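Asker:
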Amino acid sequence: MSGPRTQQRSEERREAGMGPVASAAQWGAALPALYAHEEMHWWTRGMFACTRAILSADGWSGAGAVLDVGCGSGGALAHLPARRRVGVDIAPLALAYARRHADLALLCASAMSLPLAPAQFDLVLALDMLDQRQVDSRQALLACAGQLRPDGRLLLRVSAHPWLRGAHDEATGTGARMNARQLRTLIQAAGLSVRRLTFANFTLFPLAASRRLLADTLSQPLAQDLQLPPAPLNRLLRMVLQGEARWLRSGRNLPWGLSLYALAIKRPEPRGAREARS
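Listed below in structure tokens is the structure:
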């Protein structure tokens, strides 16, 4: 399942004639209901937990400043401990929902051109943003890297496995699924060092992948992915992802899954290189 921030942005940014119009419209119509129960939905709660777990395993204490590029409704940012939280999104509707969180500073801007002074954040998040159809992944990644202080961290999440691309991605605006090698290459091209690569949404992967492929074959609508399941099922699915989060917090990786996380660091520039430029 793609994140709600992905689905919301793709509906607002979808260019005329790109992707199945009816399917995208169904996703867009379902978004207000999703945001109403975002704090309860198994996917959002579970992925919030996975995000926190990866950062906790890397020693994130919450003492620094965080920038969330493509923040959507602000849920992931609001769930992270931080001294300062700034969210950027190009979709006004997403920012309207993000304003429910009173402690977030919010900006409406493109991920590829951030209107912020450089090198002022200890952590930058880019969750379900880099793989969006309207985003130039290289340009956006360079913009994110430019916001990091020396030794600052960048946490990315993208849709995994190019072979899974189908109608679900067309509806949600996902431009390109990535494998670990592709994501690593992008990160290194932006001048960052990869600290960790791991998949997430591992346990449900066989069932979800089969459903995606079957839905493509039968042209089944996927908008029901946004709906809150019955409470017992929602609780069970949330517990599955929270179990994965505990695994990730221990520092162990998952070998496959619907989502791919990467944690990277901006190494301080060697003193000689700084002096040669000045």
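Convert by adding 142 to the 1-based position in the sequence shown; the result is the number in this note's numbering. For each residue, glycine too, the CB sits at the ideal point set by N, CA and C. Quantities reported herein were computed from a predicted structural model and do not represent experimental measurements.
In whole angstroms, give me the CA-to-CA distance for SER255 and TRP185.
Answerer: Here the alpha carbon of SER255 sits roughly 29 Å from the alpha carbon of TRP185.
Asker: Does the distance from the CB of GLY333 to the CB of ALA287 come in under 7 Å?
Answerer: yes
Asker: Under 7 Å, do PRO292 and PRO412 count as touching if we go by C-beta distance?
Answerer: no
Asker: When the Cα of LEU209 is compared with those of SER215, LEU176, GLY229, which residue comes out closest?
Answerer: GLY229
Asker: Does the distance from the CB of ALA240 to the CB of SER203 come in under 7 Å?
Answerer: no
Asker: Output needed for GLU386: all residues of its chain with C-beta closer than 7 Å, excluding positions within five of it in sequence on either side, in chain order.
Answerer: CYS192, ALA342, PHE344, THR345, LEU396
Asker: Report buried or exposed for LEU349, applying the criterion of at least 16 other Cβ atoms within 10 angstroms of its Cβ.
Answerer: exposed
Asker: Could you spell out where the beta strand (DSSP E) holding SER401 opens and where it closes?
Answerer: 401-407
Asker: For the 8 Å Cβ check, are there 3 or more pairs between the region 218-232 and the region 240-254?
Answerer: yes
Asker: Taking all protein chains shown into account, do 16 or more other C-beta atoms lie within 10 angstroms of the C-beta of GLU181, making it buried, or fewer, making it exposed?
Answerer: exposed
Asker: Once you ignore the five residues that flank ASP278 on each side, which residues in its own chain have a CB closer than 7 Å to its CB?
Answerer: MET254
Asker: Our contact map puts SER301 next to ASP273 with C-beta atoms below 8 Å; I'd like the distance itself, whole angstroms only.
Answerer: 5 Å
Asker: Does any residue of chain B have a CB that is nearer than 7 Å to the CB of ALA205?
Answerer: Judged by its chain identifiers, the structure shown contains no chain B, having just a single protein chain.
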